[in-house]
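**Student:** Structure below; questions to follow.
Residue numbers (full-length UniProt numbering): 1 to 374.
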């Protein structure tokens with residue numbers, strides 16, 4: 001019988017670990033699938049790794065097609081591993097036929113890595129392929145909307161009141177009243193309190209003034225995650241009481257996508273990733289949209305690597321702050337909020353009054369709700 005631990009190491013190390021024993025038939029299929037992808041890594045040749053019949057790079061024809069490989073990895077690996085393999089295929093090895101081959105697109109399981117790839121390669125697609133790729137965009141956006149809408153909209157449900165509520169939500173759970181009301185159900189022998197009647201707080205709403213939220217989203221290639229989550233966040237905010245949302249994409253040009261905010265799929269299909277960056281131009285465009293400066297929020301989603309005039313950008317942000325507009329500089333707007341940005345420029349914007357940091361979509365919604373309902 002094959003030792004599972006030795007087999008895993010054999011898969012990780014390749015042919016140099018063949019002394020660990022032979023692979024089972026299923027593990028051999030896994031090895032072939034991994035070889036199809038990672039065997040093309042030229043670094044292995046330079047380091048003389050996996051020579052002698054293991055995973056070796058080369059220009060020869062592959063025994064597997066992309067469709068075959070995708071079928072195999074979906075049968076052989078768990079979902080998380082499949083998504084990692086697909087992401088490496090697209091982003092590390094640039095195997096673009098995963099998102100440009102009609103046959104592949106008809107069978108591939110949508111996931112965020114494929115969505116990013118579609119947005120980065122859709123300019124290569126003919127109309128038929130683009131129609132098939134849209135299925136990936138729709139599926140992933142639908143999943144993001146389902147997960148983010150509750151978090152975003154919860155920020156607008158009002159502040160907690162002391163009076164009880166019949167609506168049962170975990171975040172409104174009244175611990176003290178529940179404990180007091182259920183003390184009669186305490187069992188000393190088990191040292192447990194059984195809850196028969198849980199209690200919850202209600203939410204009170206304040207008077208809501210109309211605010212403008214203007215999302216300026218850098219659509220350079222490195223900002224693809226922020227573009228996706230900004231589009232979904234804007235859709236979640238659309239139609240909420242007290243806030244009017246604008247979404248503007250920019251590189252060296254500015255494109256106002258507000259009319260498509262309620263349809264994030266259509267919006268993302270119109271985004272053109274890549275190109276230079278002129279943040280100052282986008283900020284000046286936002287200034288022209290503002291109707292009441294003291295009830296406006298301009299959120300700039302960017303890495304802050306300014307391709308235009310840095311002094312003009314700083315001046316435009318300072319002008320907004322001085323007229324009473326709240327300016328947010330968001331270095332990241334994805335679920336992990338991992339910031340990667342020009343810290344020197346971010347500091348210059350902070351010095352003239354912008355609030356600079358990293359926010360998840362839910363945190364941005366909480367900030368907007370706090371301003372709108374105060």
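Using N, Cα and C, we set each Cβ at its ideal position, and we do this for glycine too. Quantities reported herein were computed from a predicted structural model and do not represent experimental measurements.
1) Shortest alpha-carbon distance to residue 360 belongs to which of 201, 369, 270 and 226?
2) If you reduce the DSSP assignment to three classes, tell me which class residue 390 lands in.
3) Tell me which residues share the same chain as residue 309 and place their Cβ nearer than 8 Å to its Cβ, disregarding the 5 neighbours each side in the sequence.
4) Can you check whether the CB of residue 362 is closer than 8 Å to the CB of residue 152?
5) Does DSSP put residue 93 in a helix, a strand or coil?
6) What's the call for residue 68, buried or exposed, on a 16-neighbour Cβ count within 10 Å?
7) So what's residue 304 in DSSP terms, helix, strand or just coil?
8) From the DSSP output, read off the bridge partner residues of residue 378.
9) Considering just the uninterrupted stretch of the beta strand (DSSP E) at residue 329, what are its terminal residues?
10) Tell me, which residues are paired with residue 173 by DSSP?
11) Considering only DSSP beta bridges, list what residue 193 is partnered with.
12) Is it true that the CB of residue 261 sits closer than 8 Å to the CB of residue 267?
13) Are residue 197 and residue 184 touching if we call contact CB-CB under 8 Å?
14) Give the C-beta separation of residue 136 and residue 114 to the nearest angstrom, bearing in mind that I take them to be a contact with Cβ-Cβ under 8 Å.
15) Classify residue 367 as helix, strand or coil using the three-state DSSP reduction.
16) Looking only at its own chain, which residues have a Cβ that is under 6 Å from the Cβ of residue 139, when we skip the five neighbours before and after it?
17) Going straight from the alpha carbon of residue 117 to that of residue 105, what length do you get?
18) Determine the closest residue to residue 371 out of 298, 273 and 179, with distance taken between C-alpha atoms.
19) When DSSP labels each residue in this structure, what does residue 249 get in the three-state scheme?
20) Using three-state DSSP, classify residue 218 as helix, strand or coil.
21) Please classify residue 324 as buried or exposed, where buried requires at least 16 other C-beta atoms within 10 Å of its C-beta.
22) What is the rounded straight-line gap between the Cα of residue 28 and the Cα of residue 22?
23) Less than 8 Å between the CB atoms is what I'm expecting for residue 85 and residue 11, so what's the real figure, rounded?
24) Looking at the unbroken alpha helix (DSSP H) that takes in residue 117, where does it start and where does it end?
**Tutor:** Quick answer:
1) 226
2) Absent from the model: residue 390. The displayed extent of the chain is 1 to 374, so no value can be given.
3) 280
4) yes
5) Of the three classes helix, strand and coil, the one that applies to residue 93 here is coil, per DSSP.
6) exposed
7) coil
8) Shown here, the chain extends from 1 to 374; a query on residue 378 therefore has no answer.
9) 326–330
10) 200
11) 186
12) yes
13) no
14) About 5 Å; that satisfies the 8 Å criterion.
15) In the structure shown, the three-state DSSP call for residue 367 is helix.
16) 110
17) 12 Å
18) When each option's Cα is compared against that of residue 371, the closest is 298.
19) Residue 249: strand per DSSP, three-state reduction.
20) strand
21) exposed
22) One C-alpha to the other measures close to 9 Å.
23) Wrong, their Cβ atoms sit about 13 Å apart, outside the cutoff.
24) Its alpha helix (DSSP H) spans residues 112–121.
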